[in-house]
Amino acid sequence: MYFMKKLKFYFHLNQLEINLIENEFDRLIIETTGLADPAPIIQAFFIDDLIRETIQLDGIITPVDANHILKHLNEHPVTLSQIGFAERITLTKTDCISDQQKPK
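Printed below as a string of structure tokens:
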């Protein structure tokens, strides 16, 4: 399964390169689905020549599910990686937790 995810990532990376050649972008937002490891995506901005010369990585924003964060941290090690790479964290689903669970 990991190998297939890598192939899919490199396919999309190749598609991005084609789009960079054919189009001009003001901004590019990459949204990973679910619990994706951000490291390979971030590395592409420094390793891939075309991407490095064309796009400036300006920031990393990570949404964090306030209702399930403890479960995700315990069950999915990549959760900590996502939070660690983030420059900004957006708490989501805060309406689903009690006032006692909310940070003061």
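Quick note on numbering: numbering that gives the first Met the number 0 labels position 69 of the sequence shown as 68, and the sequence is numbered without any gaps. The beta-carbon is built from N, C-alpha and C at its ideal position, and this holds for glycine as well.
- Task: Output the boundary residues of the alpha helix (DSSP H) element that contains residue 109.
- Result: The chain is shown only over 0 to 103; residue 109 falls outside these bounds and no answer can be derived.
- Item | Assigned secondary structure, residue 20 (DSSP; H/G/I helix, E/B strand, else coil) | Here the question's residue 20 lines up with position 21 in the sequence shown. Helix at residue 20.
- Just checking my contact of residue 77 with residue 34 at CB under 8 Å: how many whole Å lie between their CB atoms? Taking the sequence shown and counting its residues from 1, one reaches residue 77 at position 78. Taking the sequence shown and counting its residues from 1, one reaches residue 34 at position 35. Indeed they touch by this definition, with Cβ atoms about 5 Å apart.
- Query: For residue 72, which residues from the same chain have a beta carbon less than 8 Å from its beta carbon, with the 5 sequence-adjacent residues on both sides left out?
  - Reply: Your numbering for residue 72 matches position 73 in the sequence shown. Contacts found: 78 and 79.
- Could you spell out the range, first to last residue, of the beta strand (DSSP E) harbouring residue 87? Here residue 87 refers to the residue found at position 88 when the sequence shown is read from its first residue. Taken as a continuous stretch (DSSP letters only), the beta strand (DSSP E) holding residue 87 covers 87-91.
- Query: residue 76 by DSSP, collapsed to three states: which one?
  - Reply: Locating residue 76 in the sequence shown gives position 77, where the first residue counts as 1. If DSSP states are grouped into helix, strand and coil, residue 76 belongs with coil.
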